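Remarks on the structure that follows.
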Amino acid sequence: MMISVRDLQVRYAGRLVADVPELDVGAGECVAIVGESGSGKSTTLLSLLGLTENAEISGRVRVCGVDVLTASPKALREIRGARAALVMQSPQAALSPATRLGTLMRRALKLHGRQGNDVDAALEAVVLDREILRRYPHEVSGGQAQRFAIALAIALGAEVILADEPTSALDVTVQAEVVGVLRRLRAERDLALLLVSHDLALVSTIADRVLVMKDGAVVESGPAAEVLAEPAHPYTRELLEALP
Amino acid sequence: MTDVQPLRRSLPRIPDRFAAFGAVLLAVVVLAALLAPWLAPYPLDEPRPLERLLPPSGAHWFGTDQVGRDVLTRILYGGRTSLTIAVAVLGVSAAVGVTLGVVAGYAGGWVRDVIMRVTDVFLAFPALLLSLALAVVLQPSVNTVILAIAVTWWPWYTRLAASVAASIATRPYVDAARCLGVPAPLIIVRHVLPNSLTPVLVQLSLDAGGVILTSAALSYLGLGAQEPTAEWGLMVQQGQTLFTTNWWVVTFPGLAILVTAFAFNVLGEGLRNALDPRRAVK
Amino acid sequence: MLAYLARRLGQALLVVAGVVVLTFAVMRLVPGDPAVAFAGPKATPEQLAEARARFGLDDPLPVQLLTYARDLVTGDWGTSLRTRQPVRDDLYLAFPASLELVGAALLVAIALGVPLGVLAARHKMRLPDFGVRLGSMLAVSVPVFWLALALQTVFASNLGWFPIAGEYDTSLDTTSPLTLWTNITVVDALITGNWPIFTSTLEHLVLPALVVAAYPTGVIAQMTRAALIEESGQDHARLERALGFGETSILTRFALRPALSPVLSLIALVFAYAIVNGFLVEAVFNWPGLGRYAAESIRSLDTPAIAGVTLLVALVYVLANLVVDVLQGFVDPRTRSR
Amino acid sequence: MTMLRAERVTLGYGRRPVVHEVSLDITEGGVGLIGESGSGKTTLARAFLGLLSPMSGDIWYGDRPLRKADLRAFRRDVQPVFQAEALDPRMRVGRSVAEALPRAARSRVGELLEQVGLDPALADRRPHQLSGGQRQRVVIARALAVGPRLLILDEPTSALDVTVQARILDLLAALDTERLLITHNLAVVERLCRTSHVLFAGRVVESGPTAELLASPAHPYTRALRDAVPKLGGPPPQARGRTEAVPAATGCPFRLRCPLAVPQCEQAPALRDVDGRRVACHRAEDVLSS
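Residue numbers (the working numbering), protein chains in the order written: chain A, 3 to 246; chain B, 558 to 839; chain C, 834 to 1171; chain D, 32 to 321.
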């Protein structure tokens, strides 16, 4: 089990913003957290890597065998990127503006002692050519930037990808490309993929299981086919009916 | 707590009390200046040659100067001069600067280019020299100082207001107002100006300290307030040779300038954080 | 990028032209007959007429402006009434000393300001941050001329750690005379290996440079801190954290370079401010720079000299802005594509 | 003769054109302008609103080019509904709506708010005190204040959550004004617009009845758009061609991304009628049949 969460509760200044009783993602499996803004889906994902600044987190969170909440900062930094990778919503903004993409790749690999890893293979896996390493973030398209973020994870050898609304800022044709890459890599490399999204239709085409969140709580969860075909909770039904 | 580094955990978090601290300090300075006639232990201009250069004592908290005047009294009244200069300079500079800036920012095109190039010229012109030249031409006095500094200070507000107005001009709510047929001047007054106030307000408080320092410098160079006006810069200039022998004559006016400028700067810094939309520390 | 720089150069030339016009106008504001201003108060009628002819004072104003501009370009910046020397030569002597003082002050300001800014940003809302903010707040609030007097009195007159005034111990002129290259004493002494003058100039430089450096150090520390906090709050800092980088390396290796862009444009601004502040410090420490020259010119209503200093300082400000524009390109690649 | 139309309009900022020679009528039943980021759809919308004057060609308001038309009348007939930040953050929302009304009719603000399903008491609130959906309703109320005949909607619901979006779409569908809808969302266009035009790199590549256009696209880009949209429980969306390829400067702009590109595509295809559709593609017939 790549990700195992029990009774996760995240509070900002005492206010409960995310309450997830149970969440498991196995190798090669794709689990999606669906919900509208303010549902706590992103907070849940970020807390798996301890990236929610100034938040009080309780419960048990195990990622790649490491208990995130009790791990030492050093142990936590070791799994970040190298074993569990983050893909963010706004591709360009997620890349340091004054650093060439190649430099970022090199620094990340060096940090985790993985300079030897095959960068070219990682770029090929996301259909990018080497030339992109010389470019700055503002010199590449949104789709390229997002695929580069995935290439970073592959190059570092991550087994888990946490994707926080990876394509909501992209055009629909570009989204199809990025989601296609994620789907292929999950299969080829047996990756565990946790996808956060507000787009039920997109989730239905890629997720094995789905959690539906509203105002911080999980209102329904189960196999994607079942939940989306016969939703048990009225809110899930409302979400489905709202699709234009 | 997960991502907190061991180093950070040991250092206590200090709440951001800057704005409050600055406001209190400033209130004290302003009150002292306003209530000078009541607070001052001695009448303003009453030289007592017998009590020349007395060190700080119960009778004269800040001692007396070369002609026996009570230093504390002159500092209180000097506060009035400095604050009047600051308020007058910033009032004129902001009025002229923001008006030109907002028009330049909103209109864009050649209008903006002309205004901005003229602004650049005044910015490139050494402020102190332009002030000196004006002070020489108009005979040194407090009004001359106000005009001299204002002439070199308005460009900062033009540049600030132009950049803020230019970004507001592209906002959808301005487009919506245009689509309603609202004429440009009304759009500027109703939408552009109110939304430009925050950055200008912050800049005003940050600049107040700078104006006080510059006016004191002009007086120090003998181009601002003239004897017998009580003005901090002048007091430092007159007492500069006494630094070793009678330190108080020079030190207290210097400290008065420092404290006032400091109060304005702290308030400005606090305002900048308080009013900056992205201030919320995530 | 080249198109952008070309446009900036064009704008700079326009600004310089504007400054020339403004200087010309301000000089004409000086009361009294311009001929007196050029020929001196005790000039005889013949000298006045000669000055009137030589400076074309009877021509219409626009013509006078053009001749004035032409003279400036050809290097004839007029003759100082006080020193009776061409203003250009006076400036050639005085300007390097100011450059030396302001240059040293800026080096101190950058060497202190940037690291303090990084320290404060790294420990945001904690003791070091509070200390740096308080310190920089004091540095930008202190009156320069008062600080100059205070340091001079305490460290020079009373403790005697540093010389009271002057650029270097003039007795050394005889024992180990300095050969001039750049006319900046400390640089020439370094190049020609004249150690006695080099050390003496450094000793004389400490106090005045520290005073001039006070404001720039404070404002650079504040700007660096604010820019770093802004930059490290961006999304990319979160991805860097998610890649396993620690806070310190995020600040120094990813956030610092983009954050330097606003700091750089600030340095051009602060450079100009330092030249002006230098005037006051030069007066206190009797530093043979532009400040002292300007102060004396003003006292004696030496119009050509005042105009000369004004134009020179304005030129330096415009040049500093241009240099910063070029540097921006290296610091932040986004500006390169503007 | 339609109330508003573009005739061979070229638009741009500074000297660089972003929209090239577009002709387009705002016909009955809602007109959809479909395109992705950088397609020029917002620029075109601003031209239709009279906020941007064309570099060449004209926007016609009735029988006169907009630049010579009676702007007061135009302002009463045509109003925008923008996506975000359409309300002055410092102004109470009631006051923003009142800005559209003559001084005498300021009392109608409450009535207008009710018309868009809002409690009139909200008039005293500032935009940040309202939800996204409420803010968008205020924007619609302000647009309706002048009694427009045509609403130009630029991505009116893409910043909203899907449940809120559904209710705003219901509100827009119920309005009896004509509409020009600018969006990247095919489903929203299908719901509100009888005819649609697909825009790529500042050029109309296909126009026609929305339902037919989406059911059987005649241009490769329209098909790529349609296939990329995930459908609930449907097949995984297909990515076609390399999306980051920059639009070609010469010939057909889509050719560097087009899976059906042939040498002939180096000559720019003109818009032509194919099976009741106007399409700019040499191989439209192949696209229709496959």
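Using N, Cα and C, we set each Cβ at its ideal position, and we do this for glycine too.
As the structure is a prediction and not an experimental result, all values here were calculated from the model.
{"Check": "Check whether the Cβ of Tyr-138(A) lies closer than 7 Å to any Cβ atom in chain C.", "Outcome": "yes"}
{"Check": "So, with DSSP's three-state summary, where would you put Ala-20(A)?", "Outcome": "strand"}
{"Check": "Taking all protein chains shown into account, do 16 or more other C-beta atoms lie within 10 angstroms of the C-beta of Pro-598(B), making it buried, or fewer, making it exposed?", "Outcome": "exposed"}
{"Check": "I'd like to know whether the C-beta atoms of Val-678(B) and Val-852(C) end up nearer to each other than 7 Å.", "Outcome": "yes"}
{"Check": "Note down, in chain order, each residue of its chain lying with its Cβ closer than 6 Å to the Cβ of Asp-560(B), except the 5 sequence neighbours on either side.", "Outcome": "Reliability of the predicted coordinates at Asp-560(B) is poor, the pLDDT of 36 falling under 50, and the value obtained from them is presented with this limitation in mind. Hits under 6 Å: none found."}
{"Check": "Mind listing which residues of the region 740 to 753 of chain B have their C-beta closer than 9 Å to chain D's C-betas, in chain order?", "Outcome": "Arg-747, His-748, Pro-751, Asn-752"}
{"Check": "Among residues of its own chain, excluding the 5 on either side of Ala-820(B), which ones have a beta-carbon nearer than 7 Å to its beta-carbon?", "Outcome": "Gly-579, Leu-582, Leu-583, Val-586"}
{"Check": "With distance defined between alpha-carbon atoms, name the residue in Asp-21(A), Asp-217(A), Arg-149(A), Gly-144(A) nearest to Val-129(A).", "Outcome": "Arg-149(A)"}
{"Check": "Output, in chain order, the set of chain A residues within a Cβ distance shorter than 7 Å of Ser-68(D).", "Outcome": "Asp-173"}
{"Check": "Could you compute how far the alpha carbon of Ala-690(B) sits from the alpha carbon of Gly-666(B)?", "Outcome": "34 Å"}
{"Check": "Checking 7 Å against the spacing of the C-beta atoms, do Gly-1051(C) and Ala-972(C) come in under that value?", "Outcome": "yes"}
{"Check": "Can you give me the Cβ contacts of Val-1149(C) inside the same chain, cut-off strictly under 8 Å, excluding the 5 residues immediately before and after it?", "Outcome": "Phe-1104, Ala-1105, Ile-1108"}
{"Check": "Name the chain G residues that come within less than 8 Å of Pro-99(A), Cβ to Cβ?", "Outcome": "Of the chains in the structure shown, none is chain G; the protein chains are A, B, C and D."}
{"Check": "With 7 Å as the threshold, decide whether the Cβ of Met-107(A) is near any Cβ in chain C.", "Outcome": "no"}
{"Check": "In chain order, what residues of the region 148 to 159 of chain D put their CB closer than 7 Å to some CB of chain A?", "Outcome": "none"}
{"Check": "What is the DSSP secondary structure of Leu-75(D), reduced to helix, strand or coil?", "Outcome": "helix"}
{"Check": "Going by the beta-carbon positions, is the gap between Pro-261(D) and Ala-203(A) smaller than 7 Å?", "Outcome": "yes"}
{"Check": "Less than 7 Å between CB atoms is the rule here; does Gln-146(A) satisfy it with respect to chain D?", "Outcome": "yes"}
{"Check": "How would you list, in chain order, the residues of chain A whose beta-carbon sits under 7 Å from the beta-carbon of Lys-262(D)?", "Outcome": "Ala-203"}
{"Check": "Taking Cβ positions only, does Val-561(B) come closer than 7 Å to chain D?", "Outcome": "The pLDDT assigned to Val-561(B) is 37, lower than 50, so where the model puts this residue is not dependable, and the model offers no usable value."}
{"Check": "For Gln-696(B), count neighbouring C-beta atoms within 10 Å of its own C-beta (all shown protein chains included) and say buried if the count is 16 or more, exposed if not.", "Outcome": "exposed"}
{"Check": "To the nearest whole angstrom, what separates the beta carbons of Arg-1090(C) and Val-1164(C), a pair I think is in contact under 8 Å?", "Outcome": "6 Å"}
{"Check": "Find the nearest neighbour of Ala-117(D) within the set Leu-799(B), Arg-735(B), Val-721(B), Ser-762(B), judged by alpha-carbon distance.", "Outcome": "Arg-735(B)"}
{"Check": "Return helix, strand or coil for Ile-35(A), following the three-state DSSP convention.", "Outcome": "strand"}
{"Check": "To the nearest angstrom, report how far apart Asp-166(A) and Ser-39(A) are at their CA atoms.", "Outcome": "12 Å"}
{"Check": "Checking the sheet assignment: what are the DSSP bridge partners for Pro-48(D)?", "Outcome": "Gly-43(D)"}
{"Check": "Could you name the residues of chain B that Val-975(C) contacts, counting a contact when the two beta carbons are closer than 7 Å?", "Outcome": "Leu-815"}
{"Check": "Please list, in chain order, the chain B residues whose beta carbon lies closer than 9 Å to that of Phe-113(D).", "Outcome": "Pro-729, Tyr-730, Asp-732, Ala-733"}
{"Check": "Residues in the same chain with beta-carbon distance under 6 Å from Ile-672(B), minus the five sequence neighbours each way, listed in chain order, please.", "Outcome": "Leu-657, Ala-661"}
{"Check": "Check the Cβ of Gly-83(A) against every Cβ in chain C and list those closer than 7 Å, keeping chain order.", "Outcome": "Ala-1075, Leu-1076, Gly-1077"}
{"Check": "Please confirm whether Gly-662(B) has its beta-carbon closer than 7 Å to some beta-carbon of chain D.", "Outcome": "no"}
{"Check": "Cα separation between Ala-95(A) and Arg-79(A)?", "Outcome": "22 Å"}
{"Check": "Do Leu-1011(C) and Asn-1027(C) have their CB atoms nearer than 7 Å?", "Outcome": "yes"}
{"Check": "So, is Gly-63(D) buried or exposed, given that buried needs 16 or more other C-beta atoms within 10 angstroms?", "Outcome": "buried"}
{"Check": "Helix, strand or coil for Ala-301(D)? Go by DSSP, reduced to three states.", "Outcome": "coil"}
{"Check": "Taking the alpha carbon of Asn-56(A) as the reference point, which residue from Gly-16(A), Val-89(A), Leu-88(A) has its own alpha carbon closest?", "Outcome": "Gly-16(A)"}
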